[in-house]
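Here is the structure we will look at, set down as structure tokens.
Chains as they are written, first to last, in this note's numbering: chain A, 1 to 486; chain B, 1001 to 1491.
In structure tokens form, the structure reads like this:
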């Protein structure tokens, strides 16, 4: 099945891409009142895209397009997660963007192009394909951040995101070019083979590794390459923040796996030290600075930084259990982050962004159901059992204890206590403080209410199935490994 | 049904809590209260059938349930109880009924959430006492923090937010180190089964580090000096029901943890550090008793008295003999009833006067004679009067300590004097003397509802004091087994 023109493994991408183009055209011919058609088509596309990814599931990797593209269990898991989470993102966003005049065809088309980019990243087996996916994602995201043209904050955020993002892409590209120079190939398995025959102390090789790693760190938003995260999260319209805060993290994880583990696993000893520094700095800085935030979106941005640090713990362990723990972590994190930003959208209304921490005051008195949902999401993010966030942290910490990095586990755990403080403060505001004067009742569409209820309760209801989900993550990671053996 | 009885005891109150929450707003508060009471009584009945089906002659785990949960990490839904856990489960189910009744009229705001929080906590606390899988134990142990955090934060006193966050972060920090210890043990044994850890050989260095990690979790909960500072704050600010659960059950989890983990898993480290633990216990017994003496606030006084009494428990545990450990367990159970009762007494006064200051009271006996006699009994029990349950535990612990070192016993014995001093002095100032002011003059005696829960507690305190045999009988086999485990070196 290694034929050049075997398109079967890429059907999900092709479908989403085709539909994105169709929606772009359809949207030109419908009136403003009929825009719901584009919305419906987008949801349909994502739903079918997820289904096609499920159907193409195979534990054994299938290569195509001259081995540039691979369809293995990891790519399938990641694609299903990306499609489904993006679908929920659009459901959450609908009222929000409608109220702010952002309910336009381009919004959906850009979102779908970003999804295609992420799907390509997940399946990349070649540095250029990987870069292509990454840029497709990034360029769509820059425009989505700037979508609210009359907002100064959003424009500033988009500018910042674009400049820093372009810099990061440049770094990564430079690293890739060094790897190409050294190994003579852009094909990831070929790079792996060539690197295996080189000394791990080769300075040029390490040079290339560092640039690739810096690029990845930028995209993931880990310290010290995190500067863009809070500003972009804060400045972008909440619907875009919701998008940036969820699926691109999963796609970012996928390219970490493809590059660091797929291509450069033999340098594990070298990049492990670097990733330890990134992880510790992210966990520490993220959790400490989050305490000082008064804006909920900024707080969640710093929380995202610390979560990425936790995810990296699993990666740096360098064992299949560690990688699968990291995958599990990122999937769980995406769901929690989806719920948390969804709550901000739910509490917002026309002309009012509920993105200050004080806007949560007395939520329990205003609506105890939403307060309970937010409570569940916060304890899950803080990693307090029984919520599933705890099991995600448990898995990564276990992975690093397994490789005798107990001191790192202790540091992570201590900063988890620091982190618990700001999540608790959210609970405190909702439950212990009286509501501010003159707040209006919360109105939300019924589909939003149902979906966010399911989303928040998922952190508890998923408990009996943690084992199977972790098993799936193990299978996904194992399929990447198998790809290199064969 | 027997096969899933433990699960039933754990999940019945949690299902009840969901139903209570479903009643929603305060307009339907009467229904919420009734559902909560019904579920707490049903849970108590289930726990009684645990008692009746319990085989006292053996130390093996009973009513065990084991089902795979997270297969990738060998985590099981593994439950089981022995003679050490059972008394605590009965204590929990009994006191939850009392707490529900005690909150019946006092709590008028967000009734459903209040009742649900206590029911959820009940289920989780029973889970702690019956979990045989380390991660399951940890989930129950930590899960409890959230409802307690909310109970103190919503229904607590003026400084409640400071108190509840302090409570949460202190306990979280301790617990997370315990989690690291669990993960380390998993790495050594590839299992999270607590019974598997009993057989795991560990070097003395490993044992000492693990001991410190467990100590961080349990000493904060007990609480032992010097990590006790969260307790007076939390107790003073918590609503009456919260104080009762905190003092009567949550503190006991620390003692239970030492018995379940430190002694059998780390016998050599336990012996090596016994001197340290005994020193901390004696400091708690003597120094904290002196601190209690000078308190102006009744709740704070009882809180410090709890720390002193728990010092007795840890002393009993770390003398490693049957009398000491049985004394420690009896002391925990009995202190559960007595401190609970004293907090309820303070609650009764507070609901009428809205003050916990000793100086606001005086001559309460004149207007509340029935209440005064109840409180007399509990005060005496707190001081360790023979014939009350307070005496049995203290006597056994002193006996156990005497076997090891007569000085321990002498120093511990001082508590009988200090305990009597601070409790009875407070009692005297509050209850006796001339009527202090018009507010005291206007007090009305206990209502029928208050008589119900005070009588239940008084009866338990007396029965346990006069005839402790049934309680000692259940735990005897398990404690003997534990003493053997603690004596066998793993080196």
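Think of the CB as a built atom: it goes at the ideal place given N, C-alpha and C, for glycine as much as any other residue.
Model, not experiment: these values are computed from the prediction.
> residue 467/A versus chain B: which residues are under 9 Å apart at the beta carbon?
Replying inline: Residues of chain B passing the Cβ test: 1068, 1069, 1070, 1071, 1072, 1073, 1075.
> Cα separation between residue 1/A and residue 116/A?
Replying inline: Since pLDDT at residue 1/A reaches only 46, below the 50 mark, its modelled position is unreliable, and no value is offered.
> If you drop the 5 nearest sequence neighbours on each side, which residues of the same chain put their C-beta closer than 8 Å to that of residue 1247/B?
Replying inline: 1235, 1302, 1303, 1306, 1335, 1336, 1339, 1340, 1343
> From what residue to what residue does the beta strand (DSSP E) around residue 1487/B run?
Replying inline: Per DSSP, residue 1487/B belongs to no beta strand (DSSP E); it is in the alpha helix (DSSP H), 1469–1487.
>> According to DSSP, simplified to helix, strand and coil, what is residue 356/A?
In response: strand
>> Could you compute how far the alpha carbon of residue 143/A sits from the alpha carbon of residue 1159/B?
In response: 48 Å
> At least one CB of chain A closer than 9 Å to the CB of residue 1142/B: is that the case?
Replying inline: yes
> Taking 9 Å as the CB-CB cut-off, is residue 1194/B touching chain A?
Replying inline: no
> What in chain A is Cβ-close to residue 1153/B, meaning under 7 Å?
Replying inline: 428, 431, 432
>> How far does the beta strand (DSSP E) with residue 1067/B in it extend, from its first residue to its last?
In response: 1062–1070
> Under a Cβ-count criterion, where at least 16 other Cβ atoms within 10 Å of its own Cβ denotes burial, should residue 441/A be classed as buried or exposed?
Replying inline: exposed
> Which runs of the alpha helix (DSSP H), 4 residues or longer, sit entirely within the region 1394–1443 of chain B?
Replying inline: 1406–1431, 1438–1441
>> Within 9 Å of any Cβ in chain B, is that where the Cβ of residue 421/A sits?
In response: yes
> Does any C-beta atom of chain A lie closer than 9 Å to the C-beta of residue 1024/B?
Replying inline: yes
>> Whole angstroms are fine: how far does the CA of residue 1150/B sit from the CA of residue 1346/B?
In response: Approximately 21 Å between the Cα atoms of the pair.
> Which chain B residues sit within Cβ distance under 8 Å of residue 358/A?
Replying inline: Simply none; closest approach about 15 Å.
> Under a three-way DSSP split, which group does residue 84/A fall into?
Replying inline: helix
> Among all the DSSP beta bridges, which residues are the ones paired with residue 1131/B?
Replying inline: 1079/B
> Which of helix, strand or coil does DSSP assign to residue 1206/B?
Replying inline: Looking at residue 1206/B - three-state DSSP - the assignment turns out to be helix.
>> At the 9 Å Cβ level, is residue 386/A part of the contact set with chain B, yes or no?
In response: Interface criterion met: the Cβ of residue 386/A is under 9 Å from a Cβ in chain B.
> Would residue 1441/B be called buried (16 or more neighbouring beta carbons within 10 Å of its own) or exposed?
Replying inline: exposed
> Should residue 172/A and residue 147/A be called a contact, given that it needs their Cβ atoms to be closer than 9 Å?
Replying inline: no
> Cβ atoms of residue 329/A and residue 428/A: under 9 Å apart, would you say?
Replying inline: The answer is no: Cβ separation not under 9 Å.
>> Is it buried or exposed, residue 1262/B, if we count other Cβ atoms within 10 angstroms and call 16 or more buried?
In response: buried
> Under 7 Å Cβ-Cβ, which residues of chain A neighbour residue 1176/B?
Replying inline: Within chain A, the C-beta atoms nearer than 7 Å to that of residue 1176/B come from 413, 416, 417, in chain order.
>> Do residue 1482/B and residue 1059/B count as a contact pair if the criterion is CB distance below 9 Å?
In response: yes
> For residue 333/A, which residues from the same chain have a beta carbon less than 6 Å from its beta carbon, with the 5 sequence-adjacent residues on both sides left out?
Replying inline: 307
> So, using beta-carbon positions, are residue 41/A and residue 108/A closer together than 9 Å?
Replying inline: yes
>> Between the alpha carbons of residue 503/A and residue 354/A, how many angstroms are there, rounded?
In response: Any property of residue 503/A remains undetermined from this structure, which presents chain A solely from 1 to 486.
>> Out of 326/A, 179/A, 272/A, which one is the CA nearest neighbour of residue 263/A?
In response: 179/A is the residue among 326/A, 179/A, 272/A whose C-alpha sits nearest the C-alpha of residue 263/A.
> Any residues in the region 387–402 of chain A with a beta carbon nearer than 8 Å to a beta carbon of chain B? Which ones, in chain order?
Replying inline: 390, 391, 394, 395, 397, 398, 401, 402
>> I want to see whether chain B comes within less than 9 Å of residue 481/A, judged by CB atoms only; does it?
In response: no
> Helix, strand or coil: which one does DSSP assign to residue 295/A?
Replying inline: strand
> Taking a cut of 9 Å between CB atoms, which residues from the region 1158–1173 of chain B lie near chain A?
Replying inline: 1160, 1161, 1164, 1165, 1168, 1169, 1172, 1173
>> Any beta carbon from chain B within less than 9 Å of residue 368/A's own beta carbon?
In response: Using a Cβ-Cβ cut-off of 9 Å, residue 368/A counts as an interface residue toward chain B, since at least one Cβ of chain B sits closer than that to its own.
> Measuring CA to CA, which of 1024/B, 1258/B, 1198/B is closest to residue 1310/B?
Replying inline: Of all alpha-carbon atoms in 1024/B, 1258/B, 1198/B, the one lying nearest the alpha-carbon of residue 1310/B is that of 1258/B.
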